[in-house]
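When we follow my numbering, the leftmost residue of the sequence shown carries the number 2, and every step to the right adds one.
Have a look at the structure below before the remarks.
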Amino acid sequence: MEVPGIRTWVIFYLISFVVLLWAAFLSVNGTMLWVSLMLVIIVVGINFVTVYNQIKLQMSRKALQSSLTKNIGKDSQNEPDDRPQH
2 MEVPGIRTWV IFYLISFVVL LWAAFLSVNG TMLWVSLMLV IIVVGINFVT
52 VYNQIKLQMS RKALQSSLTK NIGKDSQNEP DDRPQH
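Written out as structure tokens, the structure is:
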């Protein structure tokens, strides 16, 4: 799978990692456990949705490419050549 914009993915996952570290710090301290749990749920949910959307996008690109190139090279001998002659 091609991953366009690798810098964006690196920054996205670095921010996610920092948020998870902050949530771990809050839960170890024992303060604001609900905030740390909510941060973990939000980060995991956003990561899941983002990866799922990228997989769907890649599958649709692959399906479009295969539908566009499905008949290339097949039955080209049977079709008349309508290109202008030079």
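The beta carbon of each residue, even a glycine, is placed where N, CA and C say it ideally should be.
All values derive from a computational prediction rather than experimental measurement.
request  = Indicate whether the contact test is met: 3 or more Cβ pairs, each with one atom in the segment 58-68 and one in the segment 32-43, closer than 8 Å.
outcome  = Cβ pair count under 8 Å is below three, so no.
query = In this structure, does DSSP put N72 in helix, strand or coil?
reply = coil
key: Straight-line Cα distance separating L65 from H87   = If I take the Cα positions, the gap works out to 34 Å.
task = Locate the alpha helix (DSSP H) running through T9, then write down its first and last residues.
result = First-last of the alpha helix (DSSP H) with T9: 7-30.
key: Distance CB(L21)-CB(V36) smaller than 8 Å   = At a Cβ-Cβ threshold of 8 Å, L21 and V36 do not count as neighbours.
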